[in-house]
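The block underneath contains the structure these notes are about, expressed in structure tokens.
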Amino acid sequence: MHTLENHLRLLDPYSPYLQWFEGEVDDGKRTQHFFYRNILDCVRYLLRQIAYRDDLVYMPRCEYDQNGDRIYAKMHTADWWWDVQDTLPRGATLVPIIGMSDQTHLTNFSGDKKAWPVYITTGNLLSTRRNRPGSMAVLLLALLPVPPKFPQSSSADNLQRQINAGTLQGVFELILSPLQDAALDGVSIDCVDRKVRQCFPILSVWVADHMENVALQRTRNQGLRRDMNTTFDALGITMGRNVFHGLQQVSAPDLHKPDLLHTVYLGLFKHMMDWVQGFLKKHA
Numbered sequence: 176m177h178t179l180e181n182h183l184r185l186l187d188p189y190s191p192y193l194q195w196f197e198g199e200v201d202d203g204k205r206t207q208h209f210f211y212r213n214i215l216d217c218v219r220y221l222l223r224q225i226a227y228r229d230d231l232v233y234m235p236r237c238e239y240d241q242n243g244d245r246i247y248a249k250m251h252t253a254d255w256w257w258d259v260q261d262t263l264p265r266g267a268t269l270v271p272i273i274g275m276s277d278q279t280h281l282t283n284f285s286g287d288k289k290a291w292p293v294y295i296t297t298g299n300l301l302s303t304r305r306n307r308p309g310s311m312a313v314l315l316l317a318l319l320p321v322p323p324k325f326p327q328s329s330s331a332d333n334l335q336r337q338i339n340a341g342t343l344q345g346v347f348e349l350i351l352s353p354l355q356d357a358a359l360d361g362v363s364i365d366c367v368d369r370k371v372r373q374c375f376p377i378l379s380v381w382v383a384d385h386m387e388n389v390a391l392q393r394t395r396n397q398g399l400r401r402d403m404n405t406t407f408d409a410l411g412i413t414m415g416r417n418v419f420h421g422l423q424q425v426s427a428p429d430l431h432k433p434d435l436l437h438t439v440y441l442g443l444f445k446h447m448m449d450w451v452q453g454f455l456k457k458h459a
């Protein structure tokens with residue numbers, strides 16, 4: 176039966192276990208409301224699931240093939256995990272947080288309000304499990320607000336960009352704030368193997384398309400990087416802070432990874448198809 180309740184259950188099957196909170200951020204024109212979960216509650220949920228018992232890893236390791244060459248195939252076999260692990264106290268467990276968002280998947284509400292989802296999972300889960308459809312290893316963390324659009328004009332466009340950036344900044348500061356102390360001091364988590372670990376949840380990857388990366392990192396999509404104030408004024412660039420700056424053990428420039436759907440399929444494949452069709456029409 177196609178009911179609103181059934182659709183919400185398909186979107187978010189974890190509602191009985193993870194509490195929702197309502198947040199608000201002032202964009203300078205109006206107060207934007209959004210819904211989110213405590214990111215540490217989501218981490219605890221993932222590390223306690225019996226279904227994931229055989230697919231969870233708690234420490235990095237090196238793997239080699241039969242020729243003695245090192246294999247980089249899973250997150251816990253990469254150098255990054257070893258590098259961060261060396262900075263943590265002895266016996267600590269690293270919990271790499273993987274975030275995902277896609278502004279193109281908007282949910283329309285009444286009036287002119289919209290929202291788009293933010294999901295998270297953890298690198299402790301093997302990729303064969305967390306990438307499997309139906310594994311429920313990716314949790315809905317938040318529904319981000321989209322400020323309403325102003326009438327089209329150059330001044331309105333600049334104001335729109337400033338409001339959108341300010342809204343994103345406020346929202347991400349709130350939903351990621353639990354990671355500040357947790358990444359520094361750690362949190363005790365009862366894991367599915369009945370062991371209590373001192374876990375350090377650290378944001379490791381953020382998957383989004385290019386335009387959303389530009390918005391989150393507060394960069395220019397033309398790639399201009401001059402830092403002179405006169406150039407800023409001439410280009411209409413306003414000063415702003417990257418939403419991921421300040422998080423412990425997080426290197427914002429290295430955080431983002433390509434969105435395969437947009438980068439490979441919608442980008443590379445479609446470009447190649449157009450090129451091949453044009454070549455065949457010209458030379459066939």
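Counted from 1, the sequence shown has number 371 at position 196 by the working numbering; the numbering is strictly sequential.
Note that CB positions come from ideal geometry on N, CA and C, so glycine has one too.
This one's a predicted model, so the numbers in the text were calculated from it and none came from an experiment.
The way I'd put it, the segment 417-436 does touch the segment 343-353; three or more beta-carbon pairs between them come closer than 8 Å. Excluding five sequence positions before and after Arg-236, the CB atoms of its chain that fall closer than 7 Å to its own CB belong to His-251 and Thr-252, given in chain order. Two segments are said to touch when three or more pairs of C-beta atoms, one from each, lie closer than 8 Å; by this definition the segment 194-207 does not touch the segment 220-234. Residue Leu-316 holds the alpha-carbon nearest to the alpha-carbon of Gly-274 among Leu-316, Arg-212 and Gln-224. Per DSSP, the beta-bridge partners of Arg-372 are Ile-364. CA-to-CA, the gap between Thr-206 and Leu-443 works out to about 40 Å. At a Cβ-Cβ threshold of 8 Å, Thr-303 and Cys-374 do not count as neighbours. Note on geometry: alpha-carbon atoms of Asp-254 and Leu-343 lie some 31 Å from one another.
Each of His-431, Ile-225 and Asp-216 was checked against the Cα of Val-362, and the nearest Cα belongs to Asp-216.
Secondary structure of Asp-201 (DSSP, three-state): strand.
If you draw a 10 Å sphere on the C-beta of Asp-229, you find fewer than 16 other C-beta atoms in it, and that means exposed. Setting aside the 5 residues that flank it on each side, Lys-249 is surrounded in the same chain by Leu-301 and Ser-302, each with a C-beta closer than 7 Å to its C-beta; the list follows chain order. Remark: C-beta atoms of Lys-432 and Val-382 approach each other more closely than 8 Å. Contact between Gln-392 and Asn-417 holds: their C-beta atoms lie close to 5 Å from each other, under 8 Å. In this structure, Leu-430 places its C-beta atom within 8 Å of the C-beta atom of Leu-378. Spatial neighbours of Gln-355 in its own chain (CB-CB distance under 8 Å, excluding positions within 5 residues in sequence) are listed in chain order as Gly-421, Leu-422 and Gln-423.
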